[in-house]
Amino acid sequence: MRIRAWFHNLRKDAGEPALRHVELDVLIPKLMREKARERCADKVEAFSHCCKESGFLMVVKCQEQNAALKECLSTHYKDPGFQEECKQQYVKEKEEFQKTGIPAKNRKQKLPTSM
């Protein structure tokens with residue numbers, strides 16, 4: 024996988040902590056997909072709306088929206104700056120979890136205050 028090779032080379036150059044196979048091949052790409060979907064939200068919404076309206080004919084009717092969505096997502100996936108941004112975010116969240124023991128998704132929730 025090209026992304027994995029890219030991360031391995033980056034780690035060796037920068038002297039960063041080693042990332043496990045599952046982090047390189049699963050967790051960081053998952054974060055990339057989530058962030059890319061946020062950045063392409065208008066294309067995702069257009070494709071979803073088309074699919075809901077078209078029913079079984081979505082394969083034929085939504086080709087234009089699907090192509091636009093794929094183009095938007097692949098633009099982000101191929102951008103080295105975006106890959107680095109996601110990798111750094113993952114490393115930061117991992118370090119924070121190691122310090123606090125609280126997963127990032129739980130940390131973002133507001134804690135109730137006692138009065």
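According to our numbering, the sequence shown is numbered sequentially starting from 24.
Beta carbons: idealized from backbone N, C-alpha and C, even for Gly.
What are the boundary residues of the alpha helix (DSSP H) that I51 is part of?
In the sequence shown, the residue the question calls residue 51 occupies position 28. Its alpha helix (DSSP H) spans residues I51 to R62.
Check this for me: beta carbons of K19 and L92, under 9 Å apart or not?
Outside the displayed range of the chain (24 to 138) lies residue 19, so it cannot be described from this structure.
What first and last residue would you give for the alpha helix (DSSP H) that runs through A90?
Position 67 of the sequence shown, counted from the start, is the residue given in the question as residue 90. Start and end: Q86 to Y100.
Inter-stretch contact (C-beta, 8 Å, three-pair minimum) for the region 74 to 90 and the region 112 to 132:
no
Starting from the C-beta of M55, find all residues in its chain whose C-beta is less than 6 Å away, skip the five residues before and the five after it, and write them out in chain order.
Along the sequence shown, one-based indexing puts residue 55 at 32. So the list reads C109, once near-sequence residues are dropped.
So, helix, strand or coil for A41, using DSSP?
Looking up residue 41 in the sequence shown gives position 18. DSSP places A41 in coil when its eight states are reduced to three.
Check G124 in the structure and name its three-state DSSP category.
Taking the sequence shown and counting its residues from 1, one reaches residue 124 at position 101. Reduced to three states, the DSSP call for G124 is coil.
Just to confirm my understanding: we take K122, look at its own chain, exclude 5 residues before and 5 after, and list those with CB closer than 6 Å. What are they?
What you label residue 122 is simply residue 99 of the sequence shown in a count that begins at 1. Closer than 6 Å at the Cβ level, and outside the excluded window around K122, lies no residue.
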